[in-house]
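Numbering (my numbering), first residue to last: 18 to 850.
Note that CB positions come from ideal geometry on N, CA and C, so glycine has one too.
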């Protein structure tokens, strides 16, 4: 039974329409996707789930409007669409807010989720509300722990001491990806280094696959995201070269991508904050050891971006030690410096200052020798100047010189020759290196998934058995959650003290919690069966729905989240739980919503509150504005768009349905032919445009169809013309992608129900053929004639027709023709002399 519209027949009232349809949708739940007997083909559309830090904001409004267009489109194309939502609800913001307010982070989180859920429903998102998940609840994080255990069993989860990124404000470690320009991504505090024993996931085990399979995503992922992932993994081919250190029993390995330049090495550099540097400094005199200790303290406060910069002064400490170059036996002085990183290669380099700018800058600062071993030429074929004199390293490939048997060889030949020589001598071998590092998952905070390991003096690290999962967080009440350098869980002694699952002896729980990126690395699989209690997800449902057909979210997650999700997917595949290795078949990144050219914030005074915009203009106007503002990947400046204009257009579209007087089901074939042609061209183009993410163009096409339909109603066709009904129904179906409330009201006035489930009408191909196109003929920019020409007319043919057009001939007169500009098939401009 169709609801009777209650809106005043002469006025579009978005508030009344929202109030009417929201409870109807709440009852009908039109986007449930769980029926096993549903034979429609499947599509899995997923928006990156939100963090519940407060109510929805303008960024959410854009992201969910775009994802909703895609989901609703595929429903109308006849697919059974899975479009779930949940909350990424563990993490520092909730914990910090709880500390600030003196409340339980669980309560604060649940309140925010309730607020966001209500806002999402008001925003008419096409979510399947039967599949909601929240990562802070034990029924979810139990399976974080289960997956951790499986990774631990396979050697993909391990614990080791190392120098880590440390946020002094949040008092917790950070993964490399969570340090942005040397600052903590959460609080903008300068990040330092600290040596701690931490838990890692062995992402590097999949480095080659993570890199190589990016090629399969080309064309379906944004090219810049693929480039960012590729650069982050950073695979390079080179050699590990063994250097003997005077006074040290064990040689050290140095990784280099240019072993052919070994004869140009004049000194060595070790990372100042590495264990190797500390060891070598022990053999120096007291003054050098003191100088080195002070230098290391300074380095701890530096970020990696600054350390790797080529335009900062080079500093270091000579460690009074020497290494031996394996190819010529030269003694190379060893320096400690901040421009070498402890976790790149082996934390030490051979310095070839003539051909590396940072090495040259260091050599010039410390008055170290520079030896040219590459005859490099510029683009004009001229040799580079002396690096010592010019201060510019010759960084081209060049031909080898001053390199004994390598002289005269090009780069590739020289690398092969020197690598073979090193291997024969037992002093080196070919090697591959990666910028990618294993994922540090330990966090010294309360609000996260407890790591399911107990520490036993007898048995070591012992995973908690599956039947004892989840290891739940102890109540926050009574715990001091303020950051203090170790997890607040350490103070929960009744929780920490436990028994070893293996020997039954006394043991201690691990008090670190997991990085919240663990939660989001597999959540898309939990959506397939969120109530499942005997496993993280149902493999049968994974075969039915996964991988995700379309993922929608911000480019800010282009590295960390996407990389970790890809790692999890490959690991779960290798466990036999799924049969695919890439989680997201296609990716759409939306831009940011700004105000007056900059990010919205209270401090800038340019914050626009979504709730206020919804109250003033209505949900549909905001959604339509987001879609119409430009390509999805572009930023939107709210100062430049017009939700008020969107509201006026929606009112105009709504009046079409009000004015139609023909009955549902009437045959449109006898209707206005010109309007039918516009209708079917709009229908055909819009479906292709949606799938190409050109949502703004679709909105423009719908606007054109609304204008054509209004012209037909007010002109000769009239409101009873079957073509007017057909056009109005197509407007409604297309508009439902962007403005579901208005469209539902229109659909009801047109005698139907559930516009979201309406299928696209079949396109009449015969109506798409344009027999002629009107070509404007201009002379000196002024319209002088019009021609009816075939759409496929050639430029030469159109030029001749335009020159012969009577109006053009009269306008040209006796003047000569300088040029003829042809834009077939619609415009010709004749420029006279």
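Can you give me the C-alpha to C-alpha distance between residue i and residue j, rounded to a whole angstrom?
i: residue 104; j: residue 570; result: 14 Å
i: residue 744; j: residue 696; result: 5 Å
i: residue 578; j: residue 657; result: 32 Å
i: residue 524; j: residue 463; result: 20 Å
i: residue 556; j: residue 98; result: 18 Å
i: residue 740; j: residue 573; result: 47 Å
i: residue 521; j: residue 501; result: 32 Å
i: residue 639; j: residue 630; result: 7 Å
i: residue 253; j: residue 361; result: 12 Å
i: residue 780; j: residue 195; result: 50 Å
i: residue 592; j: residue 389; result: 52 Å
i: residue 568; j: residue 263; result: 56 Å
i: residue 313; j: residue 515; result: 39 Å
i: residue 853; j: residue 374; result: The displayed coordinates of the chain run from 18 to 850. Any statement about residue 853 would go beyond what the structure contains.
i: residue 266; j: residue 213; result: 27 Å
i: residue 441; j: residue 344; result: 12 Å
i: residue 722; j: residue 85; result: 22 Å
i: residue 31; j: residue 635; result: 6 Å
i: residue 545; j: residue 187; result: 35 Å
i: residue 660; j: residue 666; result: 10 Å
i: residue 607; j: residue 562; result: 24 Å
Leaving out the 5 sequence neighbours to the left and right, which residues in its chain are closer than 7 Å to residue i when beta-carbon positions are compared?
i: residue 456; result: 192, 217, 218, 220, 581
i: residue 678; result: 736, 737
i: residue 111; result: 122, 125, 126, 464
i: residue 22; result: Unreliable positioning characterises residue 22 in this predicted model, as indicated by a pLDDT of 47, which lies under 50. The coordinate reading is nonetheless provided below. If we look at residue 22 and ignore the five residues flanking it on each side, its Cβ neighbours are 762, 765, 766.
Can residue i and residue j be called in contact, C-beta distance under 9 Å?
i: residue 583; j: residue 227; result: yes
i: residue 317; j: residue 290; result: yes
i: residue 197; j: residue 566; result: no
i: residue 246; j: residue 725; result: no
i: residue 143; j: residue 668; result: no
i: residue 251; j: residue 273; result: no
i: residue 386; j: residue 370; result: yes
i: residue 526; j: residue 458; result: no
i: residue 752; j: residue 763; result: yes
i: residue 637; j: residue 45; result: no
i: residue 336; j: residue 300; result: yes
i: residue 727; j: residue 767; result: no
i: residue 529; j: residue 468; result: yes
i: residue 108; j: residue 489; result: no
i: residue 341; j: residue 271; result: no
i: residue 206; j: residue 200; result: yes
i: residue 486; j: residue 162; result: yes
i: residue 822; j: residue 804; result: yes
Can you round the beta-carbon distance between residue i and residue j to whole angstroms, since I take them to be within the 8 Å contact cut?
i: residue 130; j: residue 69; result: 5 Å
i: residue 794; j: residue 819; result: 5 Å
i: residue 419; j: residue 280; result: 6 Å
i: residue 326; j: residue 603; result: Not confirmed; about 37 Å, so no contact.
i: residue 549; j: residue 596; result: The pair is not a contact, with the Cβ atoms about 18 Å apart (cut-off 8 Å).
Spatial neighbours of residue i within its chain, please: C-beta separation below 8 Å, excluding the five flanking residues on both sides.
i: residue 401; result: 393, 394, 395, 407, 409, 411, 413
i: residue 517; result: 471, 473, 475, 476, 479, 523, 524
i: residue 717; result: 645
Excluding the 5 residues flanking residue i on each side, which residues of the same chain have their C-beta closer than 6 Å to its C-beta?
i: residue 627; result: 73, 74, 75, 78
i: residue 60; result: 91, 96, 98, 566
i: residue 415; result: 391, 392, 393
i: residue 20; result: Residue placement at residue 20 is flagged as unreliable, the pLDDT there being 39, under the threshold of 50; a coordinate-derived value is accordingly withheld.
i: residue 25; result: For residue 25, the pLDDT reaches just 49, beneath the cut-off of 50, and the residue's location in the model is therefore unreliable, although a value from the coordinates is still provided. Correct list: empty, nothing qualifies.
i: residue 694; result: 784
i: residue 826; result: none
Any heavy atom of the ligand ATP within a distance shorter than 8 Å of the CB on residue i?
i: residue 127; result: The model depicted lacks the ligand ATP and carries no ligand whatsoever.
Is the region 524 to 542 close to the region 137 to 157, with three or more CB pairs under 8 Å?
yes
Mind the definition here: the region 733 to 745 touches the region 636 to 650 only if three or more C-beta pairs lie below 8 Å; say whether that holds.
no
With three or more beta-carbon pairs closer than 8 Å as the criterion, would you say the region 426 to 436 touches the region 467 to 480?
no
Are the region 281 to 295 and the region 600 to 615 in contact at 8 Å, needing three or more beta carbon pairs?
no
Does the contact criterion of 3 or more C-beta pairs under 8 Å hold for the region 378 to 393 versus the region 290 to 301?
no
Pair every Cβ in the region 206 to 217 with every Cβ in the region 166 to 175, then say whether three or more of these pairs are closer than 8 Å.
yes
The region 769 to 789 / the region 696 to 711 touching (three or more Cβ pairs under 8 Å)
yes
Determine contact between the region 757 to 764 and the region 36 to 51, defined as no fewer than three beta-carbon pairs at a distance below 8 Å.
yes
Say whether the region 131 to 140 touches the region 153 to 161, bearing in mind that this needs 3 or more beta-carbon pairs closer than 8 Å, one atom from each stretch.
no
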